[in-house]
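What follows is a short report on a single structure.
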Amino acid sequence: MEFEPKILGFLCNWCSYAGADLAGVSRIQYPPNLRVIRVMCSGRVDPVFVLDALMKGLDGVLVLGCHLGDCHYIDGNYEAESKYRALEMLLENINLNDRINLDWVSASEGMRFADLVDEFTEKIKSLGPSPISSSTKDLKLLDELQAIKRVFSNSRIRSLIGRERKITLLENTYGETIDFEKFNKILKDALDSEFYRSQIYLSLLKKSASVKDISQEINIDKTLVFKNLLMLRQRGLADVAGVDGLDPIYKAL
Amino acid sequence: MSEKIGSVMIVGGGIAGTQAALDLSESGYKVYIIESSGSIGGVMAQLDKTFPTNDCSMCILSPKLVQAGRHQNIEIITMAKITGLEGKAGNFKVDILKKSRFIDEEKCTGCGICAQECPIEAIDVFNEDLSISKAISVKFPQAVPLYYSINKEKCIGCGICQGVCKVKAINYTEEDHEINLNVGSILLAQGFDEFDPTVLKPYGYGKHPNVVTSIEFERILSASGPYSGMVLRPSDGTIPEKVAFLQCIGSRDCHHGKEYCSSVCCMYTAKEAVIAKEHQQQVNPTIFTMDIRAYGKDFDKYIERAQEEYGVRYIRSRIPSIEENPVDHDLILTYESEKGEIISETFNMVVLAVGINPPSTSKELSSNLGIELNEYGFCQTRPFSPTQTTKDGIFVCGAFSEPKDIPESVVQASAAASHVNALLSSVRNTEITKKEYPEEQDVSGEDPRVGVFICHCGINIGGVVNVPEVVEYTKTLPNVAYAESNLYTCSADTQISIKEKIIEHNLNRVVVASCTPRTHEPLFRETVKEAGLNQYLFQMTNIRDQCSWVHMHQPEEATEKAKDLVKMAIFRVQKNRPLQELDLEITPNVLVIGGGVSGLNAALNLAQQGHSIYLVEKDEKLGGFARNIHKTIEGYDVQNYLNKLIERVKKHNKITIFKNTNIKNLAGYLGNFKTTVINEANNETQELEHGVIIVATGAVENRKNEYNLEENSNIITQSELELMLQNKKDIKKKQRIVMIQCVGSRNEEHPYCSRICCSEAIKNALSIKALNSDCEVVVLYRDMRTYGFKESFYRKAREKGVIFLTYNKIDNVKVNDKNRNMIVTVKTRFGENFIIESDLVVLSTGLISPEGTERLSKMLKVPLNDDNFFLEAHVKLRPVDFATEGIFLCGTARAPATIEESISQGRAAAARAMTILAKDVIHSEGVTSSVDEELCTGCRICIRLCPYNAIERNELGVAVIREALCKGCGLCAASCPEKAIIVKHFEKDQILAELTAFGGEYIGV
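Taken in sequence, the protein lines are chains A and B.
1 is the number of the first residue of the first sequence in the working numbering; add one for each residue after it.
10001 is the number of the first residue of the second sequence in the working numbering; add one for each residue after it.
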């Protein structure tokens, strides 16, 4: 039997949901794999929701908003874009970025909506079942997703993303704008390091371990593990539990 | 004397009529919309995109149509026209003829099965005859109201539709009937007819298949149009590589068309060219035009982008005829280039930019109502009152009085509403109905008992999805207390049965699985409310538009999908909470900032309705920029009008005037503002409390020392010339006067068009000629932008011998003023050089925003555009609103405007403000955000993100949501670093419930 993916869509009320309605009114046929959650604005789609969907083993997630400039709430879709970009950066690390897609559909683009669903469904089919829900159940990947969810629940990351457009487009507190590329690099570094920290923390939650053990367990360079463990200690999330030979053993708090 | 009636009739349900209906119904009047076609929406519903933002037309229009369609106090009477009128202002008796649709509007659910089964193919009027509809049809899929109708001319009476209609709505014997209504006022908003180019034989429209009109092209561009948005030519369905757009078809044409300018064609053509290119990269658009009339806000920027980013080619030429190659149906245009060569060029498709004509019904209407039409057949209006007809109590808005674009029409709609407000304010709230609901049950603490109603929608859903199977499945889900299917869940009898079931089965949650919540959720919420449940304990899911209709050939998969969707709704509804709409009291006073023409009009209109007005003017005199203008281009006396207006404002006991006064500080929000004003003369401050703010700070002349303006007394501005024209002697001595247009406008510093200067120049040129016909007047211009009826004065000026020379760049115009007689040299657009001796040089310097604009924008927390004019909430549909509720905008503070346009805007802002002031309390939306103060760290991210300025920090430094301003978009919640914000009704747990219903529990947990 052919693989029929389970795909979730977050559609904004004003444009993309209306576009989906128009596809219906125009009887444009598309694959029946999509289930829709209606939100008022694509900017409401917290990356955490998308991660939840992936963690529940759904095969793909679509987020659709108004075309840029058309947002019913002025620029909510730009915010959606900022969030999505950050999410994509981390999902790229674990090769799940192909399973999410952000795009724009206007209320008059029934055909475009159907085409997008069509293309995305095909793409997910070609990727095969989510490694999480497939028979092999990739639990390591699930751990990594769990870590990414922690990253997007983290106030540091949320603060950065929430201020992105202000400081790259308008002005920061000094009345200056930060170059987008520069900001992007800062964000990318922050995402990566928070991802390491989450992975380390989650690994410690399961079992206290040394830097070496953690490095093997989550496949990250030892120096990086150590550096980020220090930050976890500072935050009061980890501490030394004892020493094994020459290796301190860390535990989660 | 007969009593006044608190209801209004609006004739025409296009965007202007719809806007006026919404304004007036929100201000306490009963509104009847009389619409000649089957549904409201007008021409705007046919458009693909709108300029200059390329907004999707239907996206922005359809929420307004839906709102009007379900408004408690708006009654839409379609397929109707006025046949007679008696009475006078305040109390009219109107006879209306309603044509039969042959379909019972009470019963039709708009399901569309009749049209599916109809064997007769008729022409689709909405798609401009480019596609096929049926003899029984609806105008367009999103039509409001959504009732089908039978085209009697096409119908063969086979009876099939009657057979398939499950609700028995078809009635072949229904007859036209008369309706009599008693209303206090009438507002005319019939819009326009497009010019029919078949009379212009040389263009071959109707004969050459690839010559189409602009409105047909608009449908071609539309994603919901006949070609699904692909740019194809009608003769063979290929993509036309070369498309020519011909401007002024039926406009600015005394011989075959109309003398006036249709005002909108230059811009819509630029838009159509840009969108065509966007849809189909292969298309190369060329626009043939005389002038580019991009006189509106941000229009010139759009034209520039069209040329630079989209490669749209402009050729300054009027094409006299079109030849067709009969073999391949290509079209050959012959024109004179700017260099004077005669060129023949082949195009694959030609679009005729057809002008705006008065509606064909206007003569009949004018005699039925006793109103006058002007020389062109449009509605005659009064001087300085562009929305008043010649008959008291009857008002006009939109294109029916003069060709105009969407925002101008919307402004006029509100302006016309302001007249009704002033006329009928004593009988406000007398004709409206307020609905009473049973007391709301408290269901807190009860276990969820969900009732599920699944719609067959005739065969629309039931023909694909196995509805009984879904019902049986539903019954197996936790907490479902009751489930049934309905033939039509939306029909009136089902509403009664839902209410009965709620009581019978003691339901405390309701789910409907049917069509789209965008149109039907309000109906079902209403039903739930009538049964005593909180309306938010309801959830709807769409198993038609997004399931059965799009998976017609996969019934099993569609059924599985429907089960999932219903399950998601059932899971979610259990997490839904009852929400209350908050009441917000309104301080009924108004702050008007700026005492020019627009501010004065706004103040006076609201004072007439009994509101206290604080009118703040920074100058020592009222009147603003209009003090420099002595008459309009039509010859009306501005100073006389202005003095009388100021006199009325000064005498009005409800208006307090603060001169020499600025705003010092401003706090508060919709309904409850506190403003400190300071008198700059004596430094006295005063605190004012008010519910709304109207910003009318105007514009000033852009006076810079260009062309030695400050040094040489023979180089003056147009307003100085106007003053000089009052003293006739000075002009009688002049032999030659040169006017230079666009000095300080449309340049790098001020890239926008100042809109008024072309008409100013023509007006003054005509005055010079009237005083001294021997004086030669030369006008150096870039594009002559005498839009609308002003075009006739341009023609008159040419007849009187005024010389017009067009140049490309201001650098091509030089003035040597070393000698007593100045020498003006100009290199024209066509490359000719002229040396003109002149004893007076007049500069058209344009308008800029006044000093202090930025400061005020920061205090009000409302935005400015790149040109330092205030930026409205939406350039098309909310032209005098700010995104922040309770603050309105009018006059030249928004963008350059004529006096009459400023008057309309002032009145429009007043009418918009009235939609708030007419209520003692405003209900905030139930779907709003709220902050958990314990979690909030005061980082201010949400404050910056909120598009409505609905969030502020309290004295403890934590964020507080002003619920009255919150629109519930949820941006703040999705961005809050501490997750301290919840969006009611879109809470995390509610969304996760839906997600879990589909995705199951977390794996490995």
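Beta carbons are placed, not taken as given, at the ideal position from N, Cα and C, and that holds for glycine.
Between which two residues does the alpha helix (DSSP H) containing residue 10495/B stretch?
Taken as a continuous stretch (DSSP letters only), the alpha helix (DSSP H) holding residue 10495/B covers 10492 to 10504.
Candidates 10428/B, 10528/B, 10694/B and 10770/B, of which the one nearest residue 10729/B by Cα
It is 10770/B.
What do you reckon, are the CB atoms on residue 10957/B and residue 10928/B nearer than 8 Å?
For residue 10957/B and residue 10928/B, no; Cβs fall outside 8 Å.
When you compare the segment 10754 to 10767 of chain B with the segment 10309 to 10329 of chain B, are there three or more beta-carbon pairs, one atom per stretch, that lie closer than 8 Å?
Result no; under three Cβ-Cβ pairs closer than 8 Å.
Who are the near neighbours of residue 10804/B in its chain, counting only those whose CB is closer than 6 Å to its CB and skipping five residues on each side?
These residues qualify, in order along the chain: 10779.
Measure the C-alpha to C-alpha separation of residue 10704/B and residue 10305/B and round it to an integer number of angstroms.
Our two residues, residue 10704/B and residue 10305/B, have alpha carbons roughly 28 Å apart in a direct line.
Closer than 8 Å, CB to CB, is residue 56/A near chain B or not?
Answer yes: the Cβ-Cβ gap between residue 56/A and chain B drops below 8 Å somewhere.
Please report whether the beta-carbon of residue 10328/B lies at a distance below 8 Å from any beta-carbon of chain A.
Not closer than 8 Å to any Cβ of chain A, the Cβ of residue 10328/B fails to qualify, so no.
For residue 118/A versus residue 31/A, is the C-beta spacing smaller than 8 Å?
In this structure, residue 118/A lies near residue 31/A, with their beta-carbon atoms less than 8 Å apart.
Taking the straight line between their C-alpha atoms, what separation do you get for residue 213/A and residue 206/A?
The straight-line gap from Cα to Cα measures roughly 12 Å.
When we look at the beta-carbon of residue 10658/B and count the other beta-carbons within 10 Å, is it buried (16 or more) or exposed?
Residue 10658/B is buried by the Cβ-count criterion.
Contact belief for residue 10232/B with residue 10239/B at Cβ below 8 Å, rounded distance in angstroms
Indeed, because the Cβ distance is near 6 Å, the residues count as touching under 8 Å.
Would residue 10850/B and residue 10699/B qualify as a contact pair, given that the criterion is a beta-carbon distance under 8 Å?
Taking a C-beta distance under 8 Å as the contact criterion, residue 10850/B and residue 10699/B qualify as a contact pair.
Quick check: the Cα distance between residue 10257/B and residue 10783/B, rounded to an integer number of angstroms?
Answer to the nearest angstrom: the Cα atoms are 21 Å apart.
What do you reckon, are the CB atoms on residue 10288/B and residue 10244/B nearer than 8 Å?
Inclusion of residue 10288/B and residue 10244/B in the CB contact set at 8 Å is warranted, their separation being smaller than that value.
Out of curiosity, what's the CA-to-CA distance linking residue 10281/B and residue 10318/B?
So the two alpha carbons sit approximately 26 Å from each other.
Cβ closer than 7 Å: which chain A residues qualify as neighbours of residue 10058/B?
Neighbours of residue 10058/B in chain A, taken as residues whose beta carbon is under 7 Å from its own, are 107 and 108 in chain order.
Which stretch, first to last residue, makes up the beta strand (DSSP E) that contains residue 10088/B?
Its beta strand (DSSP E) spans residues 10080 to 10088.
Identity of the residues DSSP links to residue 10541/B by a beta bridge:
Its beta-bridge partners are 10513/B.
List the residues that DSSP assigns as beta-bridge partners of residue 10870/B.
Its beta-bridge partners are 10864/B.
Answer with buried or exposed for residue 10906/B, where buried requires no fewer than 16 other C-beta atoms within 10 angstroms of its C-beta.
Taking every protein chain shown into account, the CB of residue 10906/B has 16 or more other CB atoms within 10 angstroms, so this residue is buried.
Which full runs of the beta strand (DSSP E) of 3+ residues lie inside the segment 10517 to 10604 of chain B, going along the chain?
Runs found: 10538 to 10542, 10583 to 10585 and 10590 to 10593.
Near residue 10943/B, which residues of its chain fall below 6 Å by C-beta distance, leaving aside the five closest residues on each side in sequence?
Contacts found: 10951.
Separation of residue 241/A from residue 208/A, as counted between CA atoms
Per the coordinates, the alpha-carbon of residue 208/A lies some 8 Å from the alpha-carbon of residue 241/A.
Within 8 Å of any Cβ in chain B, is that where the Cβ of residue 29/A sits?
Using a Cβ-Cβ cut-off of 8 Å, residue 29/A counts as an interface residue toward chain B, since at least one Cβ of chain B sits closer than that to its own.
Can you pull the chain A residues whose beta carbon is under 8 Å from the beta carbon of residue 10510/B, in chain order?
Within chain A, not a single residue places a beta-carbon under 8 Å from that of residue 10510/B; the smallest gap is close to 17 Å.
Residue from 10277/B, 10199/B, 10962/B and 10260/B with nearest C-alpha to residue 10230/B:
Measuring C-alpha to C-alpha distances from residue 10230/B to each of 10277/B, 10199/B, 10962/B and 10260/B identifies 10277/B as the nearest.
Proximity test, Cβ basis, 8 Å: residue 10895/B and chain A:
Not an interface residue.
Whose C-beta lies closer than 8 Å to the C-beta of residue 153/A among residues of the same chain, with five residues either side of it excluded?
Excluding residues within five positions, the ones whose Cβ falls inside 8 Å are 48.
Would you check if there are 3 or more beta carbon pairs closer than 8 Å linking the segment 10566 to 10583 of chain B to the segment 10441 to 10461 of chain B?
Two segments are said to touch when three or more pairs of C-beta atoms, one from each, lie closer than 8 Å; by this definition the segment 10566 to 10583 of chain B touches the segment 10441 to 10461 of chain B.
Between the C-alpha atoms of residue 10397/B and residue 10269/B, what's the straight-line distance to the nearest angstrom?
Rounded to the nearest angstrom, the two C-alpha atoms are 24 Å apart.
Give the DSSP-derived three-state secondary structure of residue 196/A in the structure shown.
Residue state, collapsed to three classes: helix.
Exposure of residue 228/A, with buried meaning 16 or more beta-carbon neighbours within 10 Å:
Under this definition residue 228/A is a buried residue.
Chain-order list of residues whose beta-carbon lies under 6 Å from that of residue 10494/B (same chain, five-residue window excluded):
So the qualifying residues of the chain are 10486.
Min CB distance residue 209/A to chain B below 8 Å
Not closer than 8 Å to any Cβ of chain B, the Cβ of residue 209/A fails to qualify, so no.
Name, please, each residue of chain B whose Cβ falls closer than 7 Å to the Cβ of residue 32/A.
Correct list: 10551, 10554, 10557, 10558 and 10561.
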